[in-house]
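To start, the structure itself, in structure tokens.
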DNA sequence: GTCTATATAATGATAGAC
DNA sequence: GTCTATCATTATATAGAC
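Right, dumping it as structure tokens:
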């Protein structure tokens, strides 16, 4: 667990994270990862026994990043509606990546849910993270009873925007739909 | 182009269609297809030179099926709002497959849009088919100016429902969200 | 912890006898 | 149009020298 080893490990995870997002999990090979990480072929097995283990490490890192983001939103405002707006605004803020590669959470889960339900279990945690947080915000807004239902509705809307604007590579469509989502939030 | 050859070809397409849907395009190999079709390994190349050609044939067949479905809806009602309701009802009607494998159009496009934009061009036609038809219905409903925007909004909503209920394998969520979509249509 | 060589299985794809 | 054998390539994965 020297400094050098930790750095190599971090580079593998960083490369895999990007590649899984840009090419998909099945579309990314060990060769792709070691090439991107700038390490030697067999070396990757010193850190990860299987491709699944790499995925787990990538998911864990994304979980950490998103937890930090949620903490930042909570620090930014104590108003639940304001916080929900930060979630909606994030979609527009990330429009370039969303339009090019889709939602990193949605596309990963969509791929893994097809025929690898065991593998998908870990990536589903990314959905749960946002779902739980959104549920808390809707509850704080006074919709305790239907908080989870509203959170899932918002996730559906966000995912739908990501899918269609990704398919059509259409940032204008994304912004228009995010606007409608903001209106829905206002009128709640 | 004998009867037997046509039958073999049809079996390849049918097997590939199911496998691409259930396992994804990258997740399906030639071996999988020939095994499912019950033909011999090399034989598939008599009908299709590449995997891409098989995908094209699968997409063409889906296009034919969906065109027939749209024609059926048009025959079923002359009221645009009734027709739009048939679209929304289709989601609930196909909930078992949607919850297990996602939307056959959305998941295919999501996968191919990642790093194979050329390949995705053909599968995008499936989206266009529905988008154009929905646009016509919204126009006939008196929303000529924003017909396309409404059609894309409906597609976003439908895709979002498919993604999230697929990820959570949750048919109840799907039905609840389809209900909300029906309300949106009513209040239009 | 790094690097080279290699094993083994699966991939997409072909050639040619029948 | 059917079937067998096989190719070249790539994949995941390992062993072992350094």
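Residue numbers (the working numbering), protein chains in the order written: chain A, 1 to 188; chain B, 1 to 188. Idealized CB from N, CA, C, for every residue including glycine.
Inter-residue CB distance, residue i and residue j (contact presumed, cutoff 8 Å)
i             : j             : result
residue 163/B : residue 102/B : 7 Å
residue 44/A  : residue 30/A  : 6 Å
residue 213/B : residue 26/A  : The requested residue 213/B does not occur in the structure, where chain B is confined to residues 1 to 188.
residue 156/B : residue 161/A : 5 Å
Residue environment, residue i, which counts as buried when at least 16 other CB atoms sit within 10 Å
i             : result
residue 142/A : exposed
residue 83/A  : buried
residue 144/A : exposed
residue 190/B : No answer is possible for residue 190/B: the residues shown for chain B start at 1 and end at 188.
residue 62/B  : buried
residue 1/B   : Unreliable positioning characterises residue 1/B in this predicted model, as indicated by a pLDDT of 49, which lies under 50. The coordinate reading is nonetheless provided below. So residue 1/B ends up on the exposed side.
residue 28/A  : buried
residue 188/A : exposed
residue 49/B  : exposed
residue 113/A : buried
residue 79/B  : exposed
residue 71/B  : exposed
residue 15/B  : buried
residue 37/A  : buried
Residue nearest to residue i in terms of C-alpha spacing, selected from the options
i             : options                    : result
residue 20/B  : 45/B, 52/B, 43/B           : 52/B
residue 100/A : 116/B, 89/B, 88/B          : 116/B
residue 190/A : 77/A, 96/A, 107/A          : Because chain A in this structure spans residues 1 to 188, residue 190/A falls outside the shown range and cannot be described.
residue 10/A  : 139/A, 57/A, 88/A          : 57/A
residue 98/B  : 124/A, 110/A, 38/A, 47/A   : 110/A
residue 92/A  : 171/A, 154/A, 38/A, 184/A  : 171/A
residue 81/B  : 173/B, 169/B, 154/B, 18/B  : 154/B
residue 42/A  : 70/A, 129/A, 71/A, 12/A    : 12/A
residue 127/A : 114/A, 104/A, 118/A        : 104/A
residue 123/B : 76/B, 181/B, 86/B, 64/B    : 64/B
residue 173/B : 159/A, 149/A, 181/A, 183/A : 149/A
residue 121/B : 147/B, 55/B, 47/B          : 55/B
So does the stretch 5-24 of chain B actually touch the stretch 132-143 of chain A, counting three or more Cβ pairs closer than 8 Å? no
Flag this pair as touching only if the stretch 173-180 of chain B and the stretch 150-165 of chain B have three or more C-beta atom pairs under 8 Å; answer yes or no. yes
To be precise: take each residue of the stretch 145-171 of chain A, compare its Cβ to all Cβ atoms of chain B, and keep it if any distance is under 9 Å. Which residues remain? 149, 152, 153, 155, 156, 157, 158, 159, 160, 161, 162, 163, 164, 165, 166, 167, 168, 169, 170
Closer than 7 Å, Cβ to any Cβ of chain B: which residues of the stretch 58-73 of chain A, in chain order? none
Along the stretch 99-125 of chain B, where does the CB come closer than 7 Å to a CB of chain A? Name the residues. 101, 102, 106, 107, 109, 110, 111, 113, 114, 115, 124
The stretch 15-28 of chain B: which residues have C-beta closer than 8 Å to a C-beta of chain A, in chain order? 22, 23, 24, 26, 27
To be precise: take each residue of the stretch 172-187 of chain B, compare its Cβ to all Cβ atoms of chain A, and keep it if any distance is under 8 Å. Which residues remain? 173, 176, 177, 180
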